Each structure stands twice: as structure tokens, then as C-alpha cells.
Amino acid sequence: MRASFDQQLRDLTGRLRGLAELAAKALELSTRALLDGDVAAAEGALDLGEQIDTLHTECSERAVAILALQHPVAGDLRFVFSAVRMSSDLARMGQLALHIARAARRRTPGELAPDEVRDDIARMGELTAGMARGLCDVFTEPNLELVTRVRSTDAELDAVHARLLGTLRDPAWTHGVTPAVDLALVARFYERFGDQAVDVAERVIFLITGRRPDGDPAPPERP
Numbered sequence: 021m022r023a024s025f026d027q028q029l030r031d032l033t034g035r036l037r038g039l040a041e042l043a044a045k046a047l048e049l050s051t052r053a054l055l056d057g058d059v060a061a062a063e064g065a066l067d068l069g070e071q072i073d074t075l076h077t078e079c080s081e082r083a084v085a086i087l088a089l090q091h092p093v094a095g096d097l098r099f100v101f102s103a104v105r106m107s108s109d110l111a112r113m114g115q116l117a118l119h120i121a122r123a124a125r126r127r128t129p130g131e132l133a134p135d136e137v138r139d140d141i142a143r144m145g146e147l148t149a150g151m152a153r154g155l156c157d158v159f160t161e162p163n164l165e166l167v168t169r170v171r172s173t174d175a176e177l178d179a180v181h182a183r184l185l186g187t188l189r190d191p192a193w194t195h196g197v198t199p200a201v202d203l204a205l206v207a208r209f210y211e212r213f214g215d216q217a218v219d220v221a222e223r224v225i226f227l228i229t230g231r232r233p234d235g236d237p238a239p240p241e242r243p
């Protein structure tokens with residue numbers, strides 16, 4: 021019975037890893053579409069939307085089945101509840117990547133990322149994709165150092181986001197209001213992607229240590 025239960029937990033973990041991989045892939049394609057005006061990359065990202073929705077649903081269904089049929093306790097119960105929340109966070113990351121792809125597709129053909137912001141957009145794409153890839157590694161092999169690295173990356177992401185917004189507000193900006201608004205929105209999608217990745221990382225830290233990242237102990241488990 022326990023072997024079957026462990027397999028169900030591994031299956032749920034595998035689907036969480038799959039969601040992280042899809043979010044990373046969608047973001048990488050969306051960033052390429054934005055920087056290179058690559059319509060095929062934007063369409064490739066958008067094609068992943070159905071897979072993201074399907075995996076999210078499967079995570080929820082399997083969590084419910086485990087709760088209904090296995091009656092997990094203590095750490096197992098904590099994992100199942102956390103998995104439901106993490107699957108929602110990961111699916112949201114995927115949707116944010118698709119928002120970037122849609123923005124890139126709307127602006128094609130045309131100048132999507134002027135030289136003034138190109139490096140910052142590229143860096144935000146690199147950082148956020150790295151965070152998602154880091155979560156893939158964590159779900160493959162839970163590791164406190166890896167998951168802490170995901171959290172620490174968010175500080176640089178916030179700094180790049182702030183710098184990009186400063187460029188868009190600068191009187192020297194010569195590309196007009198509409199492109200500035202579009203790019204501010206895209207930057208916000210990257211920033212929110214990073215926030216969701218941090219939420220997942222903090223849930224994994226809680227699962228590994230039994231403590232919240234701020235140092236507070238976990239509430240007592242109900243029997």
C-alpha cells in the first residue's frame with residue numbers, strides 16, 4: 021500500500037516539474053519573440069497554453085484523489101496541500117509567459133524592444149527563465165541551496181525591472197507613449213512571473229525544513 025502511495029506522490033511531483041518546464045519553455049519562446057520579432061516563437065509559446073491547463077487540472081485531480089483514497093498524514097498531507105498551491109502558481113507563471121507572447125505578436129511587425137531597453141528585457145527573460153529552470157531541478161531533486169538561489173534571483177529581477185521603468189519614464193524616451201505602455205506591461209509580466217516563482221520556492225523551503233522562509237515554525241499538524 022505504501023509503495024502505491026509513494027508512486028502517487030512521485031507522479032504528482034512529476035507533474036509539478038512538467039508545469040515548471042512548460043513555464044520555462046513558454047517564457048524562453050516569448051522572450052525570443054519579443055526581442056527578435058519572431059512570430060513563430062510567439063505562436064510556439066501560445067501553443068503550450070493547452071498543455072499548461074491540462075497539467076494544472078491533472079495536479080488538482082491527483083491531489084484530490086490522494087486525499088480521498090489515501091488519507092495522508094503529517095508531512096505527506098503537507099506536501100499534497102502545498103502541491104495544489106504550487107500547481108496554481110506554476111500555471112500562473114505559464115499564463116504570464118503567454119501574455120508576453122501575445123504582446124510580442126501584437127507588435128509584429130515593428131520595433132518591439134528598442135535599443136534603450138533591449139538589454140534589460142533580455143536580462144529579465146534570462147533571470148525569470150533561470151528561476152523556472154531552477155524549480156525544475158528542485159522538483160527533480162529537492163535541494164535547499166537550489167531553491168534558495170531561486171528566491172535570491174528575485175532581488176536582481178526587481179532591480180532590472182525598476183531600471184527599465186526608469187528608462188520608459190525618462191524624458192529622453194523618443195519612441196512614444198504606446199510602446200512605453202506596452203513595454204511597461206511586459207516588464208510587469210516578467211516581474212510577476214518571478215514573484216510566482218518565489219512563492220513556489222518558499223513552499224518548497226517549507227516542505228524541506230518545516231519552517232517558513234521568514235524563520236517562523238510551521239503550525240502544528242492536525243492528526
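If you count by this note's numbering, then the sequence shown holds residues 21 to 243, one letter each, in order. Ideal placement from N, C-alpha and C gives every residue a C-beta, glycine not left out. These figures come from a predicted structure and were not determined experimentally.
Integer-rounded CB distance, given that residue j should sit under 8 Å from residue i
{"i": "Arg-112", "j": "Gln-216", "result": "5 Å"}
{"i": "Leu-29", "j": "Phe-99", "result": "7 Å"}
{"i": "Phe-213", "j": "Ala-117", "result": "7 Å"}
{"i": "Leu-49", "j": "Ala-121", "result": "7 Å"}
{"i": "Ser-107", "j": "Leu-39", "result": "6 Å"}
{"i": "Val-137", "j": "Leu-184", "result": "6 Å"}
{"i": "Val-167", "j": "Val-180", "result": "Contact flag wrong, Cβ pair sits at about 21 Å."}
{"i": "Arg-35", "j": "Cys-79", "result": "5 Å"}
Extent of the continuous alpha helix (DSSP H) to which residue i belongs
{"i": "Val-212", "result": "Val is not the amino acid found at residue 212; the sequence shown has Arg there. Arg-212 -> alpha helix (DSSP H) spans 197-229."}
{"i": "Asp-67", "result": "No alpha helix (DSSP H) contains Asp-67, which DSSP labels as neither H nor E."}
{"i": "Thr-187", "result": "164-189"}
{"i": "Ala-192", "result": "Segment: none, Ala-192 is in no alpha helix (DSSP H) and carries neither H nor E."}
{"i": "Arg-143", "result": "135-160"}
Residue environment, residue i, which counts as buried when at least 16 other CB atoms sit within 10 Å
{"i": "Gln-115", "result": "buried"}
{"i": "Leu-177", "result": "buried"}
{"i": "Gly-196", "result": "exposed"}
{"i": "His-119", "result": "buried"}
{"i": "Leu-164", "result": "exposed"}
{"i": "Leu-89", "result": "exposed"}
{"i": "His-91", "result": "exposed"}
{"i": "Ala-133", "result": "buried"}
{"i": "Asp-67", "result": "exposed"}
{"i": "Thr-160", "result": "exposed"}
{"i": "Glu-211", "result": "buried"}
{"i": "Val-84", "result": "exposed"}
{"i": "Val-170", "result": "buried"}
{"i": "Val-218", "result": "buried"}
{"i": "Ala-53", "result": "buried"}
{"i": "Ala-149", "result": "buried"}
{"i": "Asp-58", "result": "buried"}
{"i": "Glu-70", "result": "exposed"}
Nearest to residue i (by Cα), restricted to the options the options
{"i": "Phe-209", "options": "Thr-187, Cys-156, Ile-141", "result": "Ile-141"}
{"i": "Asp-96", "options": "Pro-191, Val-201, Leu-203, Gln-27", "result": "Gln-27"}
{"i": "Leu-87", "options": "Gln-71, Val-104, Asp-73, Thr-77", "result": "Val-104"}
{"i": "Asp-174", "options": "Lys-45, Glu-222, Asp-73", "result": "Glu-222"}
{"i": "Ala-192", "options": "Asp-31, Asp-135, Phe-226", "result": "Asp-135"}
Whole-angstrom distance between residue j and residue i, CA atom to CA atom
{"i": "Thr-33", "j": "Glu-41", "result": "12 Å"}
{"i": "Thr-194", "j": "Pro-233", "result": "43 Å"}
{"i": "Thr-187", "j": "Gly-230", "result": "42 Å"}
{"i": "Ala-43", "j": "Asp-109", "result": "10 Å"}
{"i": "Val-206", "j": "Ala-123", "result": "7 Å"}
{"i": "Pro-162", "j": "Ile-228", "result": "8 Å"}
{"i": "Ala-60", "j": "Gly-145", "result": "18 Å"}
{"i": "Thr-198", "j": "Ala-204", "result": "10 Å"}
{"i": "Gly-64", "j": "Arg-127", "result": "16 Å"}
{"i": "Thr-51", "j": "Arg-37", "result": "21 Å"}
{"i": "Ala-62", "j": "Leu-75", "result": "21 Å"}
{"i": "Val-224", "j": "Arg-82", "result": "19 Å"}
{"i": "Leu-155", "j": "Leu-47", "result": "14 Å"}
{"i": "Asp-190", "j": "Ala-200", "result": "10 Å"}
{"i": "Asp-31", "j": "Ser-172", "result": "29 Å"}
Residue i beta carbon near the ligand NAD (any heavy atom closer than 8 Å)
{"i": "Phe-101", "result": "Because no ligand of any kind appears in the structure shown, any question about the ligand NAD cannot be addressed here."}
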